[in-house]
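J.: Let me begin by handing over the structure; questions about it come next.
Residue numbers (the numbering used here), protein chains in the order written: chain A, 222 to 570; chain B, 106 to 680.
Shown next as structure tokens:
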């Protein structure tokens, strides 16, 4: 092993140097790319395999899990082309063999189903809202925490912000209900002072803001972890140098901190966009009845309702497949945009 | 609850007890009696039972000729004669003091042969831990180690489909008829055992308590041409009662309303949101009753022959009127805000006890279970059932519910020994009132789950937590109401059923177990949701009219033809 350690650590050092220079100056990017190409070109596939075999072995369990729980189930998508009846046998695969093929009928039904389009619309609106109102918050919070100097205060505020992440959705919604429900604390307080109660939890027109607010309360604190890690990797030298050049607090943030966060932001943005059609399942299911499917049905609950609740599995699988294909397209597109912006994105050719 | 009531009811009373939102109750569990049955039998022609496989896609009914051979013989098992015999589709009632020392034994020999039995069942309330005193005592008595997999009864339909689709179906699965939507009937036919070889005809006599279950209830267990289920008999009188806080009504001088208008003005009088008091919860079910809407608890009951044409409840004016009236209640602000949340709403029990609202519509079992629950800590609390009013102030027009609505099925893979174990369980849980088995099933072991005060069994807190709707789901005796701890409640319940029973009629498909052809089973899926959207002001009545016309063109009219054929073949159950 020892012989292989050397080149790797050298490569790492090289890489780190590259990254720093990229952060301060975008133009060095091309150089880095060139050097990397040269580096990997040196060794044949077989040699690289031998060199990294221990590492590869360590990834094996994860790969197996991935195959078993992510790739294998993809085969199940064939039920989207069937009038699938899971009850004809005790084995899902045998059931598939016995279920009649219907070609694209499920897809035709979906495209003609106004409930589906309603779910698509709700999903997209909710995604946009969360992108605008939720996504930037962890960044702001991370900057805020990062500016706190006293370690105790910092640890304490971090802990407080993380905490809601560990509450289940059932609990979060119960808390919201107690506070903002029609007979909750806020409404009763208003009524006692001669105003009307508020209808926050059961008003379909503001439901999407409610869902976003719940997500923010629960998960914004948790979202800062990645950004804090990125901030920790910024060399203090850069700040010192910038300060010496007369940069104030805001300029330092603009020219040093944010560029350092940029790759992470781009990465998370790509991932988020790829996941655009997933806007929260449990959270919404728990409140679906409170505002009705008109406001609350999203693609995931649509699939669940039709598949699990109504046992129209073929139809639900078709809706899920459409979602999967569109999501794939979104990831690819977002990744492309990230490349155009000069960032790594999720992967690189 | 009581006897049967106890059983089913208590079962459900779980809901009553603690949980509850809406579920269980919507359908009536309470028992029906043999008498009810007999009345019906005449009008119900038997149809040839369809072959199992055909039934899967083509649908079918238990009304066929073949059914007769499958039905278990009926052997009455009178242990104690009721103080109030069944009438008008009510349960039988017991109101006199129970002789606890003189309880009879209906299962002299332990029939269970040991071994484990997993049971998945809907549960209303918080399930107790598996190793509680009640479950242990029951398992000892039966001789089988029953392990419960309880699922929230209000959302049971959301779990059932997935569990039945897996390869790991529990030994016994309890399925209420209102959860038999979509492809569930197919699943029942393909996944569950034929109990005919153990129960049909005189074979049932090995299990005397099962033999005493009314034939009407058994007829409902024929699915796909085979006797598959173990029934929970119920009265055919509606199980949903408008329950109210009698103590507060008396104190404030409120009078029980006798028309839709009176209800509305009373509701406005009661409501004082500033003081955290509203009149009621969602009164949709009461509205359906008051306006004479056909039953929605099971799809076949929603059809009725009117002037030579089969019509469905959703096509009637009464249906729309009931929804509109319910909408007005919501719009008037007299409904507790929690009700807007529908199935996501928290348990109404504590808020009802706190007087946040004074009226709600729920299963009759809650009449007793909420009483028992509050008896010690809240002595003034008095929950009572009001008579259902006709919307115009006249007599209400009510429709009969099915004589059995909850069934236990046994996994097809079960060995004969396991099936006999299940029947051993059922034979204990179906024991009639006045037996030791009944007492244990409905009150748990003495000393821990109930104590005897002045000769009356009183449930302890532990009993209220443990003895809920578990064992009663596997089978129960002819519908019975008996609450030795609250005999006045038992009396009032049976009398309520008999008064309401006098206004109750049977629709065309009463009493049959009908499986719709699979291509039509999803047609009605979204109507309940739409009803709730309309009553809460999120959609309009015109949306419902649109949905009904879509329903017709998407298959509703064809389904009508299918039911018509069934009616022509089998005849009508209507009276």
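Glycine is no exception: its CB is placed at the ideal position from the N, C-alpha and C atoms.
Quick check: what's the CA-CA separation for residue 213 of chain B versus residue 532 of chain B?
T.: Taking the straight line joining both Cα atoms gives about 11 Å.
J.: On the three-state DSSP scale, how would you describe residue 152 of chain B?
T.: Caution applies to residue 152 of chain B, whose pLDDT of 35 falls short of 50 and renders its modelled position unreliable; the value that the coordinates give is listed next. Note: residue 152 of chain B maps to strand in three-state DSSP.
J.: Any idea if residue 255 of chain B is buried or exposed, counting beta-carbon neighbours within 10 angstroms, 16 or more meaning buried?
T.: It counts as buried.
J.: If you run the structure through DSSP and keep just helix, strand and coil, what is residue 461 of chain B?
T.: The answer is coil: DSSP assigns residue 461 of chain B none of H, G, I, E or B.
J.: Between which two residues does the alpha helix (DSSP H) harbouring residue 735 of chain B extend?
T.: Missing from the structure shown is residue 735 of chain B; chain B here goes from 106 to 680 and no further.
J.: What's the C-alpha gap between residue 342 of chain B and residue 333 of chain A?
T.: Their Cα atoms are separated by approximately 42 Å.
J.: Can you look up residue 598 of chain B in the DSSP assignment and give me helix, strand or coil?
T.: Reduced to three states, the DSSP call for residue 598 of chain B is helix.
J.: State the start and end residues of the unbroken alpha helix (DSSP H) segment that holds residue 254 of chain B.
T.: Unbroken run through residue 254 of chain B is the beta strand (DSSP E), 250-257; no alpha helix (DSSP H).
J.: Going by other Cβ atoms of all chains shown within 10 Å of its Cβ, with 16 needed for buried, is residue 491 of chain A buried or exposed?
T.: The residue is buried, with at least 16 neighbouring Cβ atoms inside 10 Å.
J.: Between residue 285 of chain B and chain A, is the shortest Cβ-Cβ distance under 8 Å, so that the two count as touching?
T.: False, the Cβ-Cβ gap to chain A never drops below 8 Å.
J.: Enumerate, from N- to C-terminal direction, the unbroken beta strand (DSSP E) stretches of 3 or more residues contained entirely within the segment 477-515 of chain B.
T.: The segment 477-515 of chain B contains these whole beta strand (DSSP E) runs: 488-490, 509-515.
J.: With 16 other CB atoms within 10 Å as the buried threshold, where does residue 229 of chain B fall?
T.: Counting Cβ neighbours within 10 Å, residue 229 of chain B comes out buried, since at least 16 surround it.
J.: Any contact of the segment 378-391 of chain B with the segment 424-437 of chain B, i.e. 3+ C-beta pairs under 8 Å?
T.: In short, these stretches touch, since the Cβ pair count reaches three.
J.: Assign residue 429 of chain A to buried or exposed, taking buried as 16 or more other Cβ atoms, counted over all protein chains shown, within 10 Å of its Cβ.
T.: Buried, by the Cβ-count rule.
J.: Among residues of its own chain, excluding the 5 on either side of residue 519 of chain B, which ones have a beta-carbon nearer than 7 Å to its beta-carbon?
T.: Excluding positions up to five away in sequence, the list reads 276, 298.
J.: Quick one: grab the DSSP three-state call for residue 556 of chain B.
T.: Strand, per DSSP.
J.: Considering Cα atoms alone, identify which of B:199, B:541, B:415, B:467 is closest to residue 211 of chain B.
T.: The option with the nearest alpha carbon to residue 211 of chain B is B:541.
J.: For residue 339 of chain A, go through chain B and note every residue whose CB falls closer than 7 Å to its CB, in chain order.
T.: None at all; the shortest Cβ gap to chain B is about 12 Å.
J.: What does residue 508 of chain A reach in chain B if we use C-beta pairs closer than 7 Å?
T.: The answer, in chain order, is 449.
J.: Let me know if residue 237 of chain B comes out buried or exposed under the rule of 16 or more other beta-carbons within 10 Å of its beta-carbon.
T.: The residue in question, residue 237 of chain B, is buried, as its Cβ has 16 or more Cβ neighbours within 10 Å.
J.: Decide if the segment 478-491 of chain A is in contact with the segment 447-455 of chain A; the criterion is three or more beta carbon pairs, one per stretch, under 8 Å apart.
T.: Yes, since at least three Cβ pairs between the segment 478-491 of chain A and the segment 447-455 of chain A fall closer than 8 Å, the two stretches touch.
J.: Pick from A:307, A:509, A:427, A:277: whose alpha carbon is nearest that of residue 272 of chain B?
T.: Measuring from the Cα of residue 272 of chain B, the nearest candidate turns out to be A:307.
J.: Answer with yes or no whether the minimum CB distance from residue 379 of chain B to chain A is below 8 Å.
T.: Output row for residue 379 of chain B: interface = yes.
J.: In chain B, which residues lie less than 9 Å from residue 404 of chain A when you measure between Cβ atoms?
T.: Under the 9 Å cutoff, chain B gives 378, 381, 383, 441, 442, 443, 456, 461.
J.: Indicate whether the contact test is met: 3 or more Cβ pairs, each with one atom in the segment 334-348 of chain B and one in the segment 596-611 of chain B, closer than 8 Å.
T.: Touching, yes.
J.: Can you have a look at residue 497 of chain A and say buried or exposed, based on whether 16 or more other CB atoms are within 10 angstroms of its CB?
T.: Looking at its Cβ environment, which holds 16 or more other Cβ atoms inside 10 Å, residue 497 of chain A is buried.
J.: Which ranges would you report for the alpha helix (DSSP H) in the segment 561-629 of chain B if only whole runs of at least 4 residues count?
T.: Listed in chain order, they are 566-571, 592-606.
J.: Give the straight-line distance between the Cα atoms of residue 440 of chain A and residue 510 of chain A, rounded to the nearest whole angstrom.
T.: The alpha-carbon atoms of residue 440 of chain A and residue 510 of chain A are separated by roughly 23 Å.
J.: What does the Cβ neighbour count give for residue 206 of chain B, buried or exposed, with the cut at 16 atoms within 10 Å?
T.: The residue is exposed, with fewer than 16 neighbouring Cβ atoms inside 10 Å.
J.: At which residues does the beta strand (DSSP E) containing residue 377 of chain A begin and terminate?
T.: It is not in any beta strand (DSSP E) - residue 377 of chain A instead sits in the alpha helix (DSSP H) that spans 372-383.
J.: Could you pull out every residue in the same chain whose Cβ sits closer than 7 Å to the Cβ of residue 485 of chain A, ignoring the five residues on either side in sequence?
T.: 447, 448, 451, listed in sequence order.
J.: In chain order, what residues of the segment 635-663 of chain B put their CB closer than 8 Å to some CB of chain A?
T.: Within the segment 635-663 of chain B, the qualifying residues are 637, 638, 641, 643, 644.
J.: Count the other CB atoms, across all protein chains shown, that sit within 10 Å of the CB of residue 659 of chain B; report buried if there are 16 or more and exposed otherwise.
T.: Counting Cβ neighbours within 10 Å, residue 659 of chain B comes out exposed, since fewer than 16 surround it.
J.: Could you tell me if residue 319 of chain A is buried or exposed, where buried requires 16 or more neighbouring beta carbons within 10 angstroms of its beta carbon?
T.: It counts as exposed.
J.: Near residue 548 of chain B, what residues of its chain come up, given a Cβ to Cβ distance below 7 Å and the 5 sequence neighbours on each side ignored?
T.: These residues qualify, in order along the chain: 554, 555, 562, 564, 568, 572.
J.: Under the three-state reduction of DSSP, which class applies to residue 237 of chain B: helix, strand or coil?
T.: Note: residue 237 of chain B maps to coil in three-state DSSP.
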